[in-house]
Amino acid sequence: WEQEDLDYVQEYRPLKEDIKHLRVLLYGHVGAGKSSFINSVSNVLRGRMTIPALTSAMTSDRSFTIKYATHKFSKGRGSSKTFYPVVFNDIMGLEDGNNSGIHPDDIKLALKGHVKEGHKFNPAGKLEDGDFGYNPSPSTDDKVHVLACVLSANTPQINASVLQKMKKVRETASELGIPQIGLMTHIDSACGEIEKDLKNVYRSKHLQKKIKDFSSAVGLPLNCIFPIKNYSDEIDMKEDVDTLILSALRKIIDFGDDFIEKC
275 WEQEDLDYVQ EYRPLKEDIK HLRVLLYGHV GAGKSSFINS VSNVLRGRMT IPALTSAMTS
335 DRSFTIKYAT HKFSKGRGSS KTFYPVVFND IMGLEDGNNS GIHPDDIKLA LKGHVKEGHK
395 FNPAGKLEDG DFGYNPSPST DDKVHVLACV LSANTPQINA SVLQKMKKVR ETASELGIPQ
455 IGLMTHIDSA CGEIEKDLKN VYRSKHLQKK IKDFSSAVGL PLNCIFPIKN YSDEIDMKED
515 VDTLILSALR KIIDFGDDFI EKC
């Protein structure tokens, strides 16, 4: 399956002429593994270890990502270098409380394409029309085509205020018709059986319960939540890690492409 999924991703092109790339927006609580997922996708597509999205090795209750950035994945080298038509936007994590982490209204603006590249998020105040980082007339290309909620399997309980912020974001995406998926990270450190062998991912009762909890907490259907393991302590590529990432990436493309066709 891995090679088939890789071929599928490599050959994908959006059918609409005004859309150069399918845009995926990642959101979730601080430390869920949003930036690490971008790095992991880059590794899988390039077949080697890469570090395109800066990540923090320290787990903290403060978001490491503070700017709105589009991450592209290169194909080939030198003069023949091109980019995959799938891009990821990483944003500041959702934090507990009103004056910390990204403001949910800023995520709503990002979904509609109103946030400019490089905009620095301000937890104390949301982005407003007329601000330097505000894009008043977004193109179809600036808008988000898939919203991905990233949640760590290691998280014991998500704070009520963070869940409320997630709910607001989901509601906006639903109003806009944007497809939504869930990515469950850190599955190996949450379950000993999976840590021993990643192939146990669909046999683990502990992980099945975690996915069900994720589904009810965030309001996503079970078949739209994908367990993944990000590259973190590995120095070489691992087939089992690649398989899960490619499987999730293929679904992301399918959902996004369906949405683009309706745009």
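So the number in the numbering used here is just where the residue sits in the sequence shown, counting from 1, plus 274. Using N, Cα and C, we set each Cβ at its ideal position, and we do this for glycine too. Bear in mind that the values here come from a model prediction, so they are computed numbers and not experimental data.
Residues bridged to residue i [DSSP beta-bridge criterion]
| i | result |
| --- | --- |
| methionine 458 | Leu425 and Pro501 |
| histidine 303 | Leu368 |
| serine 348 | Phe357 |
| arginine 297 | Val361 |
Exposed unless 16 or more other CB atoms sit within 10 angstroms - verdict on residue i
| i | result |
| --- | --- |
| cysteine 423 | buried |
| aspartate 510 | exposed |
| methionine 342 | One point to set straight first is that residue 342 is tyrosine, not methionine, in the sequence displayed. Buried, because 16 or more other Cβ atoms sit within 10 Å of the Cβ of tyrosine 342. |
| aspartate 380 | buried |
| threonine 429 | buried |
| lysine 382 | buried |
| isoleucine 526 | buried |
| threonine 356 | exposed |
| glutamate 402 | exposed |
| alanine 384 | buried |
| proline 495 | exposed |
| phenylalanine 338 | Note that phenylalanine 338 scores a pLDDT of 45, beneath 50, so its modelled location is shaky; the value from the coordinates is reported in the next line. The residue in question, phenylalanine 338, is buried, as its Cβ has 16 or more Cβ neighbours within 10 Å. |
| tyrosine 505 | buried |
| aspartate 292 | exposed |
| glycine 392 | exposed |
| lysine 486 | exposed |
| cysteine 537 | exposed |
| threonine 344 | exposed |
| alanine 427 | buried |
| aspartate 462 | buried |
| aspartate 507 | exposed |
| lysine 439 | buried |
| arginine 322 | exposed |
| threonine 333 | Note that threonine 333 scores a pLDDT of 41, beneath 50, so its modelled location is shaky and nothing firm can be said. |
| proline 410 | exposed |
| aspartate 532 | exposed |
| leucine 481 | buried |
| leucine 289 | exposed |
| lysine 483 | exposed |
Boundaries of the alpha helix (DSSP H) in which residue i is found, first to last residue
| i | result |
| --- | --- |
| threonine 517 | 513–536 |
| aspartate 487 | 479–492 |
| threonine 446 | 434–450 |
| glutamate 469 | 466–470 |
| glutamate 278 | 276–285 |
| asparagine 313 | 308–320 |
Endpoints, beta strand (DSSP E) assigned at residue i
| i | result |
| --- | --- |
| histidine 345 | 343–345 |
Anticipated Cβ contact below 8 Å, residue i with residue j, distance rounded
| i | j | result |
| --- | --- | --- |
| cysteine 465 | serine 478 | 5 Å |
| leucine 518 | valine 283 | About 14 Å; that fails the 8 Å criterion. |
| histidine 303 | valine 418 | Between valine 418 and histidine 303 the Cβ distance is about 19 Å, and since that is not below 8 Å, they are no contact. |
| phenylalanine 500 | serine 521 | 7 Å |
| lysine 503 | leucine 472 | 6 Å |
| leucine 421 | glutamine 454 | 5 Å |
| leucine 319 | aspartate 364 | Incorrect: roughly 16 Å between the Cβ atoms, too far for contact. |
| glycine 530 | valine 298 | 7 Å |
| glycine 367 | isoleucine 376 | 7 Å |
| tyrosine 408 | proline 359 | Not confirmed; about 26 Å, so no contact. |
| lysine 294 | aspartate 415 | 6 Å |
| glycine 307 | histidine 460 | 6 Å |
| valine 315 | phenylalanine 347 | 7 Å |
Residue i at chain C interface by Cβ criterion, 7 Å
| i | result |
| --- | --- |
| serine 478 | The structure shown contains no chain C, having only a single protein chain. |
Residue i beta carbon near the ligand ATP (any heavy atom closer than 6 Å)
| i | result |
| --- | --- |
| isoleucine 376 | Ligands are entirely absent from the displayed structure, and the ligand ATP is therefore not among its contents. |
Ignoring anything shorter than 3 residues, give me the beta strand (DSSP E) runs that lie fully in the region 377–430, in order along the chain. 420–426
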